[in-house]
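Q: Going by the working numbering, the sequence shown opens with residue 1415, and the numbers climb by one from there. Ideal Cβ positions, reconstructed from N, Cα and C, are used throughout, including at glycine.
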Amino acid sequence: MEPRKASVSCIYNGANATVQIAEYLDSFTYTDVASGSSDSIKVTLNDRDRKWIGPWFPEKGDRLQPVIQTRNWKQEGDNASFPCGTFRVDDFSVSGGRPLQVTIEGVALPADSNFKTMKRTQTYEKTNLQEIGTIIAGRAGIALYYEAGTVSIAKVEQSDQEDCEFFEGLVTKYGLALKIYNDKLVVFNEAAYEAKAVKATLTEADFEPGWEWNTTLDGTYTGVRYEYTNSEKDETIKVEVGGGARIYTCNEAADNATEAKLIALAAVNNANKDATTLTGITLSLPIPGLIASDCVEIKGLAKLSGKYYISEIVHTHGGSGGYTMTLKLRKVEGRVSEASASPEKEAEEDTAENEIVKGGQYTLTETKKGYYTAAEALAGKVKDGHPSGVRRPGTYWIFNISQGMLNLSTSKTVPGSWINPN
1415 MEPRKASVSC IYNGANATVQ IAEYLDSFTY TDVASGSSDS IKVTLNDRDR KWIGPWFPEK
1475 GDRLQPVIQT RNWKQEGDNA SFPCGTFRVD DFSVSGGRPL QVTIEGVALP ADSNFKTMKR
1535 TQTYEKTNLQ EIGTIIAGRA GIALYYEAGT VSIAKVEQSD QEDCEFFEGL VTKYGLALKI
1595 YNDKLVVFNE AAYEAKAVKA TLTEADFEPG WEWNTTLDGT YTGVRYEYTN SEKDETIKVE
1655 VGGGARIYTC NEAADNATEA KLIALAAVNN ANKDATTLTG ITLSLPIPGL IASDCVEIKG
1715 LAKLSGKYYI SEIVHTHGGS GGYTMTLKLR KVEGRVSEAS ASPEKEAEED TAENEIVKGG
1775 QYTLTETKKG YYTAAEALAG KVKDGHPSGV RRPGTYWIFN ISQGMLNLST SKTVPGSWIN
1835 PN
């Protein structure tokens, strides 16, 4: 059998630089985060003939597209390529020695640095989160990939903030997650990703010693109490979620009870999601294709076992060989998913059975094909690579409505499948 091997190839400013980099490579590190910060890379090179401080001198903003390649991994012929995404050089350093050591660091940010540096003041009215994301992505010269329900926004102010800071805060406020990957601004629902099937099952034999498990009550809550008075409308909105002794208080501005529910649920679930963590998991044999935002199952560790969400993976490759993956996990906990608004507001939102209103209920009387997107449901055709299924007769929550198509779910706060009701 041919030996197992890992390597790194790289496109640099549109040209294949694999050979040039491999000749000098001491180490390559790729940090893949699920959300909340930028993916990053670090390339360490020995500049024995001083090309990297001469004709190959890197410039800030240079574009790198590294790919981790594995050969004969689990068995002969088991080959895979794992694209890390697109990165811009943001730091370049040289340390003295024989030979000189050059370090190139890159982050997953748009080429337009205004995304993270230019402060703006702008008011967005009668819009939604996806439309704001489209505007911000357009200013950065990248595309928006939006994988979440519609979040209506009556009015929000970007006040002397960078686009990155403003939009990330807005996404988090409504319980969603933001990531920049491969020149795309990605908005997704972490709860939906936590509900997906696990990508791998791991036991203690699958990772090296030195890992750490931790759980805490500090900073976690059993409920949330929301109250906000809209002075323009002269009305107070109240929302209570859960109960018990550890109550999170929240008073962020909301225009109506529906928006207040989203904010309250996001606040308590964001506070609770890191209650139990498992860190320093260095796999004995890396699993090509495993990414941050996937879930894994931990077995054989008694009460430490369970389903975990990958919040970060650090890939490390030595220039002469050796490839490791180190995971940071958080346990998938039961999310708070029901809220009760103040009675006068709840009454306004009550809907009759089968009245087609987002957040209401819909009774399906016949089996319908389920699609991944509304566009697929409308066309009656599954896009290559997208999952499909069926929605059987029963009563569902209407998670979202688009193009006359319905996203029906068994949970009020987690997206389901799109169906054509006609």
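Measuring from the CB of Lys1488, is there a heavy atom of the ligand MN at a distance below 6 angstroms?
A: For the ligand MN, the structure offers nothing, since it holds no ligand at all.
Q: So is Leu1631 buried or exposed if we call it buried at 16+ other beta carbons inside 10 Å?
A: exposed
Q: Taking Cβ positions, are Ser1441 and Gly1732 nearer each other than 7 angstroms?
A: yes
Q: According to DSSP, is Glu1790 helix, strand or coil?
A: Look at Glu1790 here: in three-state DSSP terms it is helix.
Q: Per the contact definition of three or more C-beta pairs closer than 8 angstroms, is the stretch 1798-1808 in contact with the stretch 1576-1592?
A: no
Q: From Asp1722 to Lys1610, what distance separates their C-alpha atoms?
A: For clarity, residue 1722 is Tyr in the given sequence; the question names Asp instead. Their Cα atoms are separated by approximately 11 angstroms.
Q: For the candidate residues Ile1546, Leu1822, Ala1554, Arg1660, whose alpha-carbon lies nearest to that of Tyr1560?
A: Ile1546
Q: Using the DSSP secondary-structure output, state which residues sit across from Cys1709 in a beta bridge.
A: Tyr1723
Q: Give the C-beta separation of Lys1772 and Asn1834 to the nearest angstrom, bearing in mind that I take them to be a contact with Cβ-Cβ under 8 angstroms.
A: With 8 angstroms as the limit, Lys1772 and Asn1834 do not qualify as a contact, their Cβ atoms being about 17 angstroms apart.
Q: Tell me the DSSP secondary structure of Asp1504 in three-state form.
A: Three-state result, Asp1504: strand.
Q: For Arg1464, which residues of its own chain have a beta-carbon under 7 angstroms away from its beta-carbon, when the five flanking residues on both sides are left out?
A: If we look at Arg1464 and ignore the five residues flanking it on each side, its Cβ neighbours are Leu1514.
Q: Could you tell me the distance, in whole angstroms, from the CA atom of Ser1423 to the CA atom of Tyr1595?
A: Here the alpha carbons of Tyr1595 and Ser1423 stand approximately 18 angstroms from one another.
Q: In its own chain, which residues sit with a C-beta less than 7 angstroms from the C-beta of Ser1452, not counting the 5 before and 5 after it?
A: Val1521, Ala1522, Leu1523, Ile1594
Q: If you run the structure through DSSP and keep just helix, strand and coil, what is Thr1548?
A: helix
Q: By Cβ distance, which residues of its chain are closer than 7 angstroms to Gly1475, with the 5 residues on each side in sequence left out?
A: Arg1502, Val1503, Ala1525
Q: Please report the distance separating the alpha-carbon of Lys1652 from that of Thr1827.
A: 19 angstroms
Q: Just verifying my parser: in three-state terms, what is the DSSP assignment at Glu1582?
A: Three-state DSSP puts Glu1582 in a helix.
Q: Nearest-angstrom Cα distance between Phe1496 and Ala1793?
A: 32 angstroms
Q: In chain order, what residues of the same chain lie with their CB nearer than 8 angstroms to the CB of Arg1553, ignoring the 5 residues before and after it?
A: Asp1526, Asn1528, Phe1529, Asp1577
Q: Could you give the uninterrupted runs of the beta strand (DSSP E) lying entirely in the stretch 1582-1609, keeping only those of 3 residues or more?
A: Counting only runs of 3 or more, we get 1591-1594, 1598-1602.
Q: In the DSSP assignment, the alpha helix (DSSP H) including Asn1427 goes from what residue to what residue?
A: Per DSSP, Asn1427 belongs to no alpha helix (DSSP H) and is neither H nor E.
Q: Output the distance between the C-alpha atoms of Asp1688 and Ala1562, rounded to the nearest integer angstrom.
A: 22 angstroms
Q: Could you name the residues of the same chain whose beta carbon sits closer than 6 angstroms to that of Ala1706, not counting the 5 residues immediately before and after it, in chain order?
A: Closer than 6 angstroms at the Cβ level, and outside the excluded window around Ala1706, lie Asp1446, Val1447, Ala1448, Ile1724, Glu1726, Ile1727.
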